[in-house]
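Peer 1: Going by my numbering, the residue at position 67 of the sequence shown is 76; the numbering climbs one at a time, nothing skipped.
Every residue gets a Cβ at the ideal spot worked out from N, C-alpha and C, and that includes glycine.
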Amino acid sequence: FKTLGNISGADPLLNPMMIPTADPDRRGGERLDLGLGLNLYAPSGALKGTRLGVEFALPLVQSLDGPQLETDWQLTIGVQASF
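1. In this structure, how does DSSP classify Pro21 when only helix, strand and coil are distinguished?
2. For the candidate residues Lys11, Met27 and Arg35, whose alpha-carbon lies nearest to that of Gly18?
3. Is the Cβ-Cβ distance between Leu43 and Val63 less than 7 Å?
4. Report the CB separation of Pro68 from Thr30 in whole angstroms; it is logged as a contact under 8 Å.
5. Expressed to the nearest angstrom, what Euclidean distance is found between the alpha-carbon atoms of Phe92 and Gly58?
6. With Gly37 and Asp74 assumed to form a contact (beta carbons below 8 Å), what rounded beta-carbon distance in angstroms separates them?
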């Protein structure tokens with residue numbers, strides 16, 4: 010579960026009436042994601058000590074304040090090497 014707060018403060022050069030996404034009070038929201046991940050570890054061989062991680066996540070619930078882009082899905086890929 011992730012809660013995003015509104016921005017504190019404002020840029021006087023931006024007019025929220027002309028640019029709705031510039032309104033600092035309409036930047037927050039909440040989101041609950043469900044993810045599935047996989048870790049592959051190489052204990053020996055040429056890639057010994059290397060780990061590959063992949064995670065795919067979908068939002069179950071999104072409640073955003075104001076005109077914001079929603080998240081359709083997320084893909085995270087990482088490689089870790091230990092010596």
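Peer 2: Taking the definition as stated:
1. Counting from 1 along the sequence shown, the entry for residue 21 is found at position 12. Reduced to three states, the DSSP call for Pro21 is coil.
2. Looking up residue 18 in the sequence shown gives position 9. Of the candidates Lys11, Met27 and Arg35, the one whose C-alpha sits nearest the C-alpha of Gly18 is Arg35.
3. For this step, residue 43 is matched to residue 34 along the sequence shown. For this step, residue 63 is matched to residue 54 along the sequence shown. It is not a contact, given that the beta carbons lie outside the stated cut-off.
4. Taking the sequence shown and counting its residues from 1, the one referred to as residue 68 is at position 59. Taking the sequence shown and counting its residues from 1, the one referred to as residue 30 is at position 21. Contact flag wrong, Cβ pair sits at about 20 Å.
5. Locating residue 92 in the sequence shown gives position 83, where the first residue counts as 1. Locating residue 58 in the sequence shown gives position 49, where the first residue counts as 1. One C-alpha to the other measures close to 7 Å.
6. Locating residue 37 in the sequence shown gives position 28, where the first residue counts as 1. Locating residue 74 in the sequence shown gives position 65, where the first residue counts as 1. Going by Cβ atoms, the distance from Gly37 to Asp74 rounds to 5 Å, so yes, they are a contact pair.
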